[in-house]
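Student:
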Amino acid sequence: MRLHNTGTRAGREVVQVYASAPHSSVPRPSRWLAGFATAEARPGEETSVEVTLPAAVFRHWDTARHAWAVEPGTYRLEIGRSWEKTPLTTEITVPAVD
0 MRLHNTGTRA GREVVQVYAS APHSSVPRPS RWLAGFATAE ARPGEETSVE VTLPAAVFRH
60 WDTARHAWAV EPGTYRLEIG RSWEKTPLTT EITVPAVD
């Protein structure tokens, strides 16, 4: 994503990505921190920041198989500067993993 420092001083921003699984059959939190990255910019500068989400973000412990598993389906990603301020949202589809 692109960030633009509109201030008069150098700044640093943390971009946070929260995930949720609205139609999950697995007990899990309503939202969890999936990844984050920081960016720095001088006054008036525009910069880009990339947040990479590792596959482990979508795993849960499968008690029947006694192993980590990924529940396929639609996951919602909310992106912003904090838990309360996530103005960007998107959905992704996570495929079944063997």
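Letter by letter, the sequence shown follows residues 0 to 97 in numbering that gives the first Met the number 0. Glycine residues also receive a C-beta, built at the ideal position from the N, C-alpha and C atoms. Bear in mind that the values here come from a model prediction, so they are computed numbers and not experimental data.
1. If distances are taken between C-alpha atoms only, which option among Val-96, Arg-64, Trp-60 and Ala-54 comes closest to Ala-18?
2. Quick check: Gly-34 and Val-56, are their CB atoms within less than 9 Å of each other?
3. I need the DSSP call for Ala-55, collapsed to helix, strand or coil.
4. Determine the direct distance from the alpha carbon of Thr-46 to that of Val-96, and round the result to whole angstroms.
5. In whole angstroms, what is the alpha-carbon distance linking Val-16 and Val-50?
6. Can you tell which of Trp-67, Leu-32 and Glu-12 has its C-alpha closest to the C-alpha of Arg-41?
7. What is the DSSP secondary structure of His-65, reduced to helix, strand or coil?
8. Note down the Cα distance separating Tyr-74 from Leu-2, rounded to an integer number of angstroms.
Tutor: Concretely, from the data shown:
1. Ala-54
2. Yes.
3. helix
4. 35 Å
5. 8 Å
6. Glu-12
7. Coil at His-65, not helix or strand.
8. 24 Å
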